[in-house]
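Chains as they are written, first to last, in the working numbering: chain R, 2 to 368; chain D, 51 to 376.
Ideal Cβ placement from N, Cα and C applies to all residues, glycine included.
Step one of this worksheet: look at the structure below.
Structure follows, in structure tokens:
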């Protein structure tokens with residue numbers, strides 16, 4: 002017998018977790034002497050109230066969909082990939098190399114190569130921790146953390162050395178050829194007669210993110226490989242008994258995960274910056290953990306959670322202007338609390354709820 | 051007595067090494083207690099950061115650095131309790147809890163710092179009794195003229211702030227607690243095989259909470275050292291990944307106290323070198339970029355973890371919540 006109905010497991014528990022996280026966040030806002038409800042209103046207005054706000058919200062959401070999917074795919078094989086940050090960083094190098102190699106005439110030609118560059122470099126950066134986990138038994142969480150720091154050092158070296166633009170003092174690459182410019186939401190929607198803000202960085206990468214979400218769904222629930230990945234995550238020994246190679250699953254899962262995290266570079270490096278800069282990932286790799294947890298590692302949930310986190314990020318910038326006592330780091334606090342309540346303190350909500358449903362069921366049966 | 055340029059540079063490097071190693075020693079010992087009891091702690095970074103902030107803020111408000119340090123330790127303990135409740139009481143994922151606490155610290159310190167001091171997340175500079183000051187060890191000046199050892203004693207070992215000596219004294223103390231006391235034996239057992247400890251009638255939960263709280267105190271001291279001893283104010287993200295370097299040192303040391311001291315000194319030396327000599331020229335043939343020296347602790351840890359140079363085997367029950375058999 003199921004302990005809890007499915008809707009409670011999929012919606013009610015995360016919802017209560019989210020409420021708790023928001024409640025504690027509200028206490029922090031109160032503590033610095035601002036009105037939490039007003040803060041919510043400012044964030045909602047700032048993130049959804051204009052096409053500029055919406056454009057930024059969905060731009061950030063694009064990043065979070067990629068990193069959320071990356072974490073989720075690994076979660077399904079019971080691997081905790083904390084290295085999305087580093088994988089996306091190195092993927093940026095792949096994008097830059099692909100786009101600087103040729104004077105691309107049109108973005109449609111450049112995009113596939115940029116995707117290959119981002120995917121290959123991101124997957125490569127995930128492959129070393131994966132290999133060490135599969136073959137040498139070193140803990141993937143620790144190695145991926147270490148690889149985040151190594152990636153930052155590699156990036157620092159490249160942008161102060163081989164890839165540095167001779168034209169500026171800043172640690173950044175040469176600008177990409179103009180032909181590689183990805184169409185923004187403004188340019189895409191204008192022919193349809195829809196007025197969308199010119200300043201918002203939302204671009205076609207958003208569609209790529211949605212496509213990735215669909216592909217991840219198909220991979221995990223409609224293919225033999227996806228079945229093997231999930232079986233491995235449920236029980237490694239059972240999967241091995243069924244003839245599934247653990248080395249193969251760990252490697253393939255992490256390659257996919259790294260490549261997905263790498264796609265973030267398409268959105269930021271190719272879509273927004275037009276050149277390679279340092280620290281362009283800006284913590285999105287870590288937000289992916291929160292997004293995957295909130296979205297219960299399901300692509301549909303991840304898209305919703307990513308949009309929520311996009312709203313938080315964009316709304317946080319608005320707070321900065323309207324509430325001088327509150328900084329945009331408030332968003333970090335909210336993210337942290339969401340990770341804490343949905344990820345680590347899940348049992349605190351789940352166990353009493355399970356008991357409640359058991360009790361209700363028993364009463365129903367008795368009646 | 052006159053010394054050559056090279057010798058003075060050598061002394062300066064060693065002195066720097068000790069100064070920057072202290073944080074790693076405190077945090078590494080914190081991780082040692084926690085992980086030996088079977089609780090993974092990647093929240094070292096967050097606990098240090100929150101402590102660094104509160105230590106600086108309380109020192110500034112009270113004008114007394116010792117009270118400030120207690121404030122920092124208290125803040126770190128609160129985080130430790132959260133980690134304990136999530137990972138021991140509610141059997142949540144210890145890694146996720148650690149990640150969350152790290153985020154919470156980096157957000158909360160800036161939010162509170164901005165609201166209280168309006169300095170972009172910084173606290174006001176500390177001076178006088180609100181920060182730690184160096185102690186001259188006895189006879190430091192008298193012995194300075196003894197060849198070789200004199201200057202090392204006077205300029206490298208003497209003249210540090212109090213917490214430096216506390217940190218170095220904690221290493222043998224930790225060894226003694228872990229390997230020579232009943233509490234230590236039980237603590238190590240609970241990290242390897244909690245069921246056997248439980249069978250012996252000892253509370254797994256209480257032991258693990260004790261370890262997590264000790265980690266809280268030590269991280270609190272690490273944070274207080276950063277903002278009131280090594281520095282003279284709190285700056286945003288001032289831990290700058292040192293919690294992870296401490297974690298790396300812990301793995302490098304294979305979860306043993308004396309090796310941990312060696313590992314933290316080695317990583318401290320690397321940090322000192324990258325601070326003092328950004329790009330190292332090797333016989334004019336090529337230069338070692340500063341980023342390489344900075345990344346070396348992480349690279350070395352990965353190599354050790356991969357078991358290419360000796361094998362690092364973590365405590366067996368690490369990361370797994372204990373469920374009593376019913």
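- Sixteen is the threshold: since fewer than 16 other Cβ atoms of the shown chains lie within 10 Å of the Cβ of residue 107/R, the residue is exposed.
- Comparing C-alpha distances from residue 323/D to each of 54/D, 59/D, 282/D shows the shortest one belongs to 59/D.
- At least 9 angstroms separates the beta-carbon of residue 268/D from that of residue 103/D.
- Taken in chain order, the whole alpha helix (DSSP H) runs of length 4 or more contained in the segment 108-149 of chain D are 115-134.
- Using a 10 angstroms sphere on the CB of residue 173/R, the tally of other CB atoms reaches 16 or more, which defines it as buried.
- Within the segment 200-214 of chain D, no residue places its CB atom closer than 7 angstroms to a CB of chain R.
- Taking the beta carbon of residue 347/R as reference, the chain D residues within 7 angstroms of it are 142, listed in sequence order.
- Within the DSSP bridge table, the entry for residue 336/D names 332/D as partners.
- In summary, the residues of the segment 285-319 of chain D whose CB is separated from some CB of chain R by less than 8 angstroms are 291, 294, 297, 298, 301, in the order they occur in the chain.
- Contact of residue 86/R with chain D by beta-carbon distance below 7 angstroms is absent, the smallest such distance being about 12 angstroms.
- Straight across, the Cα-Cα distance linking residue 280/D with residue 69/D is about 7 angstroms.
- Using a CB distance below 8 angstroms, no part of the segment 94-118 of chain D faces chain R.
- Around the beta carbon of residue 170/R, fewer than 16 other beta carbons lie within 10 angstroms, which makes this residue exposed.
- An exposed status is given to residue 364/R, since fewer than 16 other beta-carbon atoms sit within 10 Å of its beta-carbon.
- Secondary structure of residue 35/R (DSSP, three-state): coil.
- Distance from the Cα of residue 179/D is smallest, within the candidate group 210/D, 165/D, 282/D, for 282/D.
- Short of 8 angstroms from the beta carbon of residue 53/R, and not among the five residues preceding or following it, lie these beta carbons of its own chain, in chain order: 198, 200, 201.
- With a threshold of 9 angstroms between beta carbons, residue 135/D makes contact with chain R.
- For the pair residue 273/R and residue 362/R, the CB atoms are not nearer than the 9 angstroms cut-off.
- When DSSP states are grouped into helix, strand and coil, residue 224/R belongs to the coil group.
- Straight across, the Cα-Cα distance linking residue 45/R with residue 14/R is about 23 angstroms.
- Chain R places no beta carbon closer than 9 angstroms to that of residue 365/D, leaving this residue out of the contacts.
- Take residue 96/D, set aside five residues on each side of it, and the residues of its chain with a beta-carbon closer than 8 angstroms to its own are 129, 148, 151, 152, 153, 154, 155, 156, 293, in chain order.
- Residues are counted here when their Cβ sits less than 9 angstroms from a Cβ of chain D; for the segment 309-335 of chain R these are 325, 326, 327, 328, 329, 330, 331, 332, 333, 334, 335, given in chain order.
- Assignment of residue 173/D by DSSP, reduced to helix, strand and coil, places it in the coil class.
- With respect to residue 90/R, residue 126/R sits close: the two C-beta atoms are nearer than 9 angstroms.
- Contact annotation for residue 348/D against chain R: 147, 150, 151 [CB-CB distance below 7 angstroms, chain order].
- Relative to the Cα of residue 109/D, the nearest Cα in the group 56/D, 185/D, 173/D, 66/D belongs to 173/D.
- Taking every protein chain shown into account, the CB of residue 211/D has 16 or more other CB atoms within 10 angstroms, so this residue is buried.
- The criterion of a C-beta distance shorter than 9 angstroms is satisfied by residue 92/R and residue 262/R.
- A residue is called buried once 16 or more other Cβ atoms fall within 10 Å of its Cβ, and residue 183/D, having fewer, is exposed.
- Assigned with DSSP and collapsed to three states, residue 343/R falls in helix.
- Taking C-beta separations shorter than 7 angstroms and ignoring five residues to either side along the sequence, the partners of residue 240/D in its chain run 87, 88, 247, 254, 257, 258, following chain order.
- Excluding sequence positions up to five before and after residue 290/R, its CB lies within less than 6 angstroms of the CB of 72, all in the same chain and listed in chain order.
- No Cβ-Cβ contact shorter than 9 angstroms links residue 230/R with residue 294/R.
- The segment 114-126 of chain D and the segment 313-327 of chain D do not touch, with fewer than 3 CB-CB distances between them shorter than 8 angstroms.
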